[in-house]
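Residue numbers (the working numbering): 640 to 737. Ideal placement from N, C-alpha and C gives every residue a C-beta, glycine not left out. Computed from a predicted structure; not experimentally measured. Written out below as structure tokens is the structure these notes cover.
What follows is the structure, encoded as structure tokens:
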């Protein structure tokens, strides 16, 4: 029994704005099904008494104190922006409204 369908792969590809051929969809469906199967094998492990971890290494965020400092004047910050509008950098639309 497949854990993921071609329709689900197409849906996720659409959300990510990716275009694939039917052959690629079949390949990705098979590969993703195998990946999900490997991940499901982890449920078979006895993890009783094992403390959860978020990272295998002890990592700590090194943060500096938040200090207010003078910033660039708006004109200076915008002088190299290719397109400006109302004192802001204008960028291309990346999301479509439904």
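Check residue i in the structure and name its three-state DSSP category.
{"i": "residue 735", "result": "coil"}
{"i": "residue 724", "result": "strand"}
{"i": "residue 729", "result": "coil"}
{"i": "residue 653", "result": "helix"}
{"i": "residue 682", "result": "helix"}
{"i": "residue 672", "result": "helix"}
{"i": "residue 617", "result": "Within the shown structure, residues of the chain are numbered from 640 to 737, placing residue 617 beyond reach of any answer."}
{"i": "residue 642", "result": "coil"}
{"i": "residue 718", "result": "coil"}
Output the distance between the C-alpha atoms of residue i and residue j, rounded to the nearest integer angstrom.
{"i": "residue 654", "j": "residue 667", "result": "15 Å"}
{"i": "residue 701", "j": "residue 686", "result": "31 Å"}
{"i": "residue 720", "j": "residue 658", "result": "32 Å"}
Would you say the beta carbon of residue i is closer than 7 Å to some non-hydrogen atom of the ligand GTP?
{"i": "residue 682", "result": "Ligands are entirely absent from the displayed structure, and the ligand GTP is therefore not among its contents."}
Relative to the C-alpha of residue i, which residue among the options is closest?
{"i": "residue 738", "options": "644, 692 and 726", "result": "Residue coverage of the chain in this structure runs from 640 to 737, which leaves residue 738 outside it and unanswerable."}
{"i": "residue 665", "options": "678, 658 and 648", "result": "648"}
{"i": "residue 714", "options": "706, 707, 727 and 708", "result": "727"}
The segment 669-678 contacting the segment 698-718, beta-carbon criterion three pairs below 8 Å: no
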